[in-house]
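**Q** So the protein lines, in turn, are chains X and F. Reading the first sequence from the start, the letters are residues 0 to 385 in numbering that gives the first Met the number 0. Reading the second sequence from the start, the letters are residues 0 to 318 in numbering that gives the first Met the number 0. Even for Gly, the Cβ is constructed at its ideal location relative to N, Cα and C. I'd like to ask you about the structure that follows.
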Amino acid sequence: MNMDKKDFYIESPPVPKRTRMQELQHVFAQNRLALLGLLIFILFFCCAVTGLFLTSGSSPVCDPSMVRLQEKLRPPLARPNLESLKPREIPALGIYLMGTDDLGRDVFSRMLQGAWVSLTVGFVAVGISVLIGIFMGGIAGYFGQKHFRMDHILFTLCLVLGTGLIIINSYVVGTVLLSICSAYIFYSLSGRNRFKKKDLSFWKAILRRNTISVDTLIMRIVDIMLCFPSFFLILTVVALLPASIYNIMIVIGLTSWMGTTRFVRAEFLSLREQDFVAAARALGLGNFRIIFRHIMPNAVAPVLVSATIGIASAILTEAGLSFLGFGVPPPHATWGNILSNGKNFIFDAPWLTFIPGIAILIVVLSFNLFGEGLRDVLNPKLRERH
Amino acid sequence: MLSFIGRSVVQKTVTLFFVSIVSFLIIHLAPGKPSQVDPLNPKFTPEVVERFRKEFHLDKPLYVQYVYFYQDLFTGKTISWKDNQSVLKKIWERFLNSLPLFVVGTLITWTLSFPIGIRSAIFRGGIYDRSTTFLSYLLISIPGFFFAYVLIIFVVTHFHVPVIGMETFGIGDAPAAYLFMDRIWHLLLPSVLSATGGIAVLSRYVRSQMLEVEGQEYIRTARAKGLPAEQVHYKHALRNALLPFVTMFGLILPGLIGGSVIIESIFSWPGMGRMAYEAILARDYPVILTVNFVSAVLVLAGTFISDLLYLVVDPRIRL
């Protein structure tokens, strides 16, 4: 009997009683607000996807740009006046679920169309910023102690200058500079191992001098980016570029990666010194594999949290831009420009302000709640307490 | 200490230099020319455009334009392309308009969020804590422009006071007390709006700081000594929890100019944000670049001040 019990112990190693999924469920069950956020998010996602199918194509089920001037500013749940409408102008649901705007367009279908815009702007912008953030932060954290040498800097200057000169139409000098660059790349790739340290001449020694570490460079770039007031910068760039939804996504993404970079760098700096990384290196794994298989999964938690909250703020930024008139160009509907059109009729048709406003509020709130819940879930200190 | 100051001044100057280059490039490499803002305007004949380009050095290469621009900026000679007024004077006027908004907003933020945060940390897990948590998420998530309209409707229909603009139009020769109240009413809504987000974030931060300190050993000791609860909370815990907030005084500096484009344009408040917005619409590059430069200076000065305050407040930190 005693032996049996011992065998039993040996067979089952001392693992945690609950799997990670169960832990997750447990912590989320404790945090009801986060669960609510997740549910709303899933609902919003489904709405946006169905909205995309219902409102796009040549003859959509709910046409967001169908103008019915005789039916303008009808309140929500109003029945359409069937005599005055052509058959194809009658809304698909039979009633104006959320009323109509000043051109008689169905607000419900415009909201459906706008949901997809908000969703894609949030996800694509945050995707861009997270990619840049992980890339820059990873390099700064993992390769941070490496230094740029003088020749690297000269070479980059040559490259930039050459490209610039070609762009402003001075082809000869530009081509010369670019060819110097490519010659140097060839030279340094082929001759890397041939030169020993001792036979370096004076000029080569200067070329090989360390100047600035990778970490310093990247963190200074982050500092520079942080100096710009973000909404003002986004506004400037969006106003100068031609209006399109892709520009907005890219600009929001390009101006919000600094936080992620800092998180990732900090995580990488601490993880790089851990024993499991040393073990992986002792096994002879390459840098690439160590970064992506061993360090990244451990560093992803804070990124995930900040990305979730970043989506919320990207949606808010897009709505703000649309509100100021720099958003997605009409006739495409977004929640921001429904609201900004509706504000002129705020006393006659309050639903034009309140429906998109409350929709933005709920979606952003759900992302924020879910993000904070995620922070609690991924925080091991809090997990042990429960 | 002196070496730290010297090093960070040098570093920040270099950063500022690169910021000036980047912002200049962003503005000038973007498609579209300022001389093409209004192509349908019959006054914009090719000769006028040519004169305009010559006047503002737009026909020179970019680096020459850069030197010209910052030379003008530092000698205070920059003029707006739109109305030929001195940019620095314009910014100063608008800044004086934005200042009351900023001061009142910051005061509201800091006076409200500390009591809220401290109370919800002391009664953590209770109904008060949970409701303020939810409320602060709500305030973070609400789009400012939507909230502004809700508040405007509420105030206008319930209190019958005017709220748009800086003062009631044509109020001229009213009694002083009336003028004062008018100003207050106009100031109230925009500053409350600009404070909402700040209150939500700051009170959460106060709460988490307090919670962290309350978990420390010396708090347990203080409690074990039999000290009254108020003394433990407000003397032992709060003093240590306040440390990070001293440094945040430096970080509110950029708010002076970043301001709120959206709120100022809703309330047609003639402040910095609105001026920047109008400058963007008119492609008034000198104004845009100057606002950008000044705000970068403020950000750098803010971080510098907060580093210094850290040094002064926390003797453990040696930079």
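(1) I think Ser229(X) touches Thr259(X), with their Cβ atoms under 8 Å apart; what is that distance to the nearest whole Å?
(2) Report yes if the CB atom of Cys46(X) is closer than 9 Å to the CB atom of Leu111(X), and no otherwise.
(3) Closest to Leu81(X) by C-alpha separation, out of Pro75(X), Arg67(X), Gly309(X), would be which residue?
(4) Cβ of Gly319(X) less than 9 Å from any chain F Cβ?
(5) Among Ile127(X), Phe154(X), Ser57(X), Phe52(X), which residue has its Cα nearest to the Cα of Ala114(X)?
(6) In chain order, what residues of the same chain have a beta carbon less than 6 Å from the beta carbon of Lys11(F), not counting five sequence neighbours either side?
(7) Which same chain residues end up closer than 6 Å to Glu266(X) when comparing Cβ atoms and leaving out the 5 residues on each side of it in sequence?
(8) Would you kindly report the start and end of the unbroken beta strand (DSSP E) that includes Arg52(F)?
(9) Which one of Phe113(F), Gly116(F), Leu24(F) has the shortest CA to CA distance from Val66(F)?
(10) So with Cβ pairs under 9 Å, would you call Ser97(F) a contact of chain X?
(11) Name the two residues that bound the continuous beta strand (DSSP E) containing Phe147(X).
(12) To the nearest angstrom, how far is the alpha carbon of Gly390(X) from that of Ala182(X)?
(13) Could you check the C-alpha separation between Gly103(X) and Ala348(X) for me, to the nearest Å?
(14) Determine the closest residue to Ala199(F) out of Ile115(F), Ile261(F), Pro30(F), with distance taken between C-alpha atoms.
(15) Go ahead and pull the three-state DSSP assignment for Thr210(X).
(16) What residue range is occupied by the uninterrupted alpha helix (DSSP H) comprising Trp350(X)?
(17) Flag this pair as yes or no: are the beta carbons of Ile133(X) and Gly252(X) separated by less than 9 Å?
(18) Considering only C-alpha positions, which residue in the set Ile287(F), Val260(F), Pro253(F) is nearest to Ala295(F)?
(19) By DSSP, does Ala77(X) sit in helix, in strand, or in coil?
(20) Determine which residues of the stretch 141–160 of chain X have a Cβ less than 8 Å from any Cβ of chain F, and write them out in chain order.
(21) If you draw a straight line from the C-alpha of Asp105(X) to the C-alpha of His331(X), how long is it?
(22) CB Pro191(F) to CB Ile90(F), shorter than 9 Å?
(23) What does Ile359(X) reach in chain F if we use C-beta pairs closer than 9 Å?
(24) Applying the 10 Å Cβ sphere with the 16-neighbour rule, what's the burial state of Arg78(X)?
(25) The alpha helix (DSSP H) with Gln10(F) in it runs from where to where?
(26) Tell me the rounded alpha-carbon separation between Val293(F) and Tyr276(F).
(27) Which class does Ser85(F) belong to by DSSP, given the choice of helix, strand or coil?
(28) So Val155(F) packs on Val162(F), CB below 8 Å; how close in whole Å?
(29) Nearest-angstrom Cα distance between Tyr127(F) and Gln230(F)?
(30) If contact is defined by three or more beta carbon pairs under 8 Å, each pair taking one atom from either stretch, is the stretch 213–227 of chain X in contact with the stretch 3–21 of chain F?
(31) To the nearest angstrom, how far is the alpha carbon of Phe244(F) from that of Ser130(F)?
(32) Run down chain F in chain order and give the residues with a C-beta less than 7 Å from the C-beta of Arg219(X).
**A** In short:
(1) About 14 Å separates the two Cβ atoms, so there is no contact after all.
(2) yes
(3) Arg67(X)
(4) yes
(5) Phe52(X)
(6) Leu299
(7) Ala298
(8) Where Arg52(F) is concerned, there is no enclosing beta strand (DSSP E), although the alpha helix (DSSP H) it sits in stretches over 45–54.
(9) Leu24(F)
(10) no
(11) 146–148
(12) Look at the range of chain X in this structure, 0 to 385, and you will see that residue 390(X) is not part of it.
(13) 12 Å
(14) Ile115(F)
(15) strand
(16) 350–377
(17) no
(18) Pro253(F)
(19) strand
(20) none
(21) 13 Å
(22) According to the sequence shown, residue 191(F) is Val rather than Pro. Result no, Cβ atoms of Val191(F) and Ile90(F) do not sit closer than 9 Å.
(23) Ser140, Ile141, Pro142, Phe145
(24) exposed
(25) 1–28
(26) 16 Å
(27) strand
(28) 6 Å
(29) 21 Å
(30) yes
(31) 24 Å
(32) Thr14
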